[in-house]
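Q: Numbering (the numbering used here), first residue to last: 248 to 498.
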């Protein structure tokens, strides 16, 4: 385990420990373009490259970051601009974003709620996700809500669950590669983003709202697990990103 690098982002529980003091002391993060991307010079958000994959993490517990025009928002736009240029030049293929507060969940937390720190879920969905989708970010990974949820391949949906309909689905399929109907085929030219709530790692699980959330095509509660992301090739043709959800039994 110690041989693998860790790239974390904090959540609400980390804030309870002296306002992220312990978190900031534990990790050295690539905030000065040590691994690609645009320098952020802050532990609150950063980016790095893994081969032809660009990865962005940010602290969404800090609600003051989550607005148009903030230093974070401007950095995020610049970083995505840089990724887009590298993608156009054939140097990058995929972009993954990870943060704590989910945009589309009816697990132990309800993303339609605006009470307390639930507002960060709304602000991620309505303020940050439009920017991510402008640059056709491939995958966004969240935590916080104690369950597993995976959205449709979709674009332009930034509302509450009750407002969702299939007009936002830009590529049909449920992500079951064994059925010959893969979730995301870039060669088809369809644009969209997949959102995953990966909060089923160990805490007690529950549901809220109108479970399952209407924007999610796959969901699980009462089972512990996580996701694994594999890349079949980091250069050349036939580049594939495969995301697998592994439950407690390994399936």
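No residue lacks a Cβ here, since even glycine has one placed at the ideal position from N, Cα and C.
List in chain order: all unbroken beta strand (DSSP E) runs of 3+ residues lying wholly within the region 270-340.
A: Segments of the beta strand (DSSP E) lying fully in the region 270-340: 292-297 and 300-305.
Q: Check residue 414 in the structure and name its three-state DSSP category.
A: Helix at residue 414.
Q: Under 7 Å Cβ to Cβ from residue 262, same chain only, skipping five residues before and after it: list those, please.
A: Taken in chain order, the residues that qualify are 308.
Q: Does DSSP classify residue 383 as helix, strand or coil?
A: Three-state DSSP puts residue 383 in coil, outside helix and strand.
Q: With a threshold of 8 Å, are at least 3 pairs of Cβ atoms found where one atom belongs to the region 378-398 and the other to the region 338-350?
A: Flag = yes, the region 378-398 and the region 338-350 touch.
Q: Using only CA atoms, which one of 264, 296 and 269 lies nearest to residue 279?
A: The shortest C-alpha separation from residue 279 is found at 296.
Q: Alpha carbon to alpha carbon, how far is residue 276 from residue 497? Give it in angstroms, no decimals.
A: Because the pLDDT at residue 497 is just 48, under 50, the model does not fix this residue reliably, and the value given afterwards should be weighed accordingly. Using only the alpha carbons, I get a separation of about 31 Å.
Q: For the alpha helix (DSSP H) holding residue 476, just list the boundary residues, first then last.
A: Unbroken run through residue 476 is the beta strand (DSSP E), 472-478; no alpha helix (DSSP H).
Q: Would you kindly work out how many angstroms separate the C-alpha atoms of residue 337 and residue 392, rounded to a whole number?
A: Taking the straight line joining both Cα atoms gives about 36 Å.
Q: Mark residue 302 as exposed unless 16 or more other C-beta atoms lie within 10 angstroms of its C-beta, in which case mark it buried.
A: With 16 or more Cβ atoms within 10 Å of its Cβ, residue 302 is classed as buried.
Q: Would you check if there are 3 or more beta carbon pairs closer than 8 Å linking the region 396-409 to the region 363-378?
A: Output reads yes: the region 363-378 touches the region 396-409.
Q: Around the C-beta of residue 443, are 16 or more other C-beta atoms found within 10 angstroms, so that it is buried, or is it exposed?
A: It is buried - the Cβ of residue 443 has at least 16 other Cβ atoms within 10 Å.
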